[in-house]
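Student: Following this message is one structure expressed as structure tokens.
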Amino acid sequence: MAGVMDSVNQRTQLVGQNRLELLLFRLDGNQLYGINVFKVREVLQCPKLTIMPKSNPVVCGVANIRGSTIPILDLSMATGSAGLQDRGSPFVIITEYNTKTQGFLVRSVERIVNMNWEEIHPPPKGTGRDHYLTAVTRVDNQLVEIIDVEKVLAEVAPTSEAISVGVVDAETAHKAISLRVLTVDDSSVARKQVSRCLQAVGVEVVALNDGRQALDYLRKLVDEGKKPEDEFLMMISDIEMPEMDGYTLTAEIRNDPRMQKLHIILHTSLSGVFNQAMVKKVGADDFLAKFRPDDLASRVVDRIKAADHG
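Under the numbering used here, the residues of the sequence shown are numbered 153 to 462, in order.
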């Protein structure tokens with residue numbers, strides 16, 4: 153595993169080039185799955201687990217890892233299959249999403265592959281509404297399924313989508329009615345969370361699935377003679393998306409004089425100071441960790457007030 157994690161340290165060089173690294177692993181059976189290395193803190197042989205009474209059936213237990221108590225989830229069960237059958241010597245992938253740390257129990261960990269987001273595609277149509285895939289790709293002619301971890305975590309430990317009282321005042325809510333916000337996210341769960349939060353503020357939401365789709369949409373607008381900054385109060389975009397990531401989308405928008413004035417917030421479950429540097433590098437206006445309804449609503453309220461005085 154040391155070799156696997158050594159290459160994790162080089163991952164920061166990939167960002168902004170529409171590239172990513174996937175850690176490939178298997179559950180029961182031969183299907184290959186992938187998870188963005190950016191979310192992975194470490195990979196280790198499954199430690200001793202302490203069973204937690206009354207916890208979600210998907211939670212196998214908790215492990216003490218480097219002084220922290222971390223919940224370990226059976227990823228096979230979490231994605232709608234039977235639990236991991238062969239628990240002889242499974243591995244745990246320790247991940248960080250939305251500032252929370254958890255481990256995913258998997259049968260085996262294969263290797264890390266370096267890919268371009270253009271090689272990562274949305275799941276095929278007809279996969280079903282309740283599928284747990286956010287994207288698919290091919291490695292050495294084998295299909296790799298990329299799991300929608302945000303959906304898994306939202307089911308195991310739902311987060312509140314309610315905005316606290318006082319975040320949106322009556323005057324701002326009234327002004328919001330005439331405004332639109334563009335959101336871009338490949339996770340169906342994240343799209344719904346963001347949309348519901350923004351609708352609670354009062355704005356109309358246009359939700360798209362990935363960076364390529366968003367760029368095509370904005371280019372069509374400007375070809376029609378419209379200005380994105382007049383059409384939308386702001387764009388709130390995920391960073392990790394198939395076809396084109398949020399960094400590349402932002403850079404493309406900033407490089408086009410016809411749309412470079414659009415206010416852009418990058419909204420991501422990737423944690424860390426590193427993102428702040430990337431936000432500046434690609435020219436986004438702000439960065440926000442997922443998913444904190446009050447923070448998101450506050451950013452929109454600030455923009456409504458700024459636009460009102462602008």
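Just so it is clear, CB atoms sit at the ideal spot from N, CA and C, and this is done for glycine as well.
Closest to residue 371 by C-alpha separation, out of 411, 201 and 355, would be which residue?
Tutor: Residue 411 is the option with its Cα nearest to residue 371.
Student: Between which residues of its own chain and residue 403 is the CB-CB distance below 6 Å, once the five residues before and five after are set aside?
Tutor: The answer, listed in chain order, is 434.
Student: Nearest by alpha-carbon distance to residue 232: which of 439, 304 and 272 is it?
Tutor: Closest option to residue 232, Cα to Cα, is 304.
Student: Report back the beta-carbon spacing between residue 453 and residue 389 to the nearest angstrom; my notes put them in contact at under 8 Å.
Tutor: Residue 453 to residue 389, Cβ: 19 Å. No contact.
Student: In three-state DSSP terms, what is residue 398?
Tutor: Of the three classes helix, strand and coil, the one that applies to residue 398 here is helix, per DSSP.
Student: To the nearest angstrom, report how far apart residue 353 and residue 345 are at their CA atoms.
Tutor: Roughly 13 Å between the two C-alpha positions.
Student: Inspect the beta-carbon positions of residue 358 and residue 351 and report whether they are closer than 8 Å.
Tutor: Cβ distance not < 8 Å, so residue 358 and residue 351 don't count as in contact.
Student: Once the 5 residues before and after residue 294 are set aside, which same chain residues still bring their CB inside 7 Å of it?
Tutor: 184.
Student: From which residue to which residue does the beta strand (DSSP E) around residue 265 run?
Tutor: Note, residue 265: beta strand (DSSP E), 260–268.
Student: With 16 other CB atoms within 10 Å as the buried threshold, where does residue 230 fall?
Tutor: Residue 230 comes out buried.
Student: Identify the continuous beta strand (DSSP E) that holds residue 220 and give its terminal residues.
Tutor: Taken as a continuous stretch (DSSP letters only), the beta strand (DSSP E) holding residue 220 covers 220–226.
Student: From the DSSP output, in three-state form, read off residue 283 for me.
Tutor: The answer is coil: DSSP assigns residue 283 none of H, G, I, E or B.
Student: Measure from the alpha carbon of residue 222 to the alpha carbon of each residue in 198, 228 and 235, then state which is nearest.
Tutor: It is 198.
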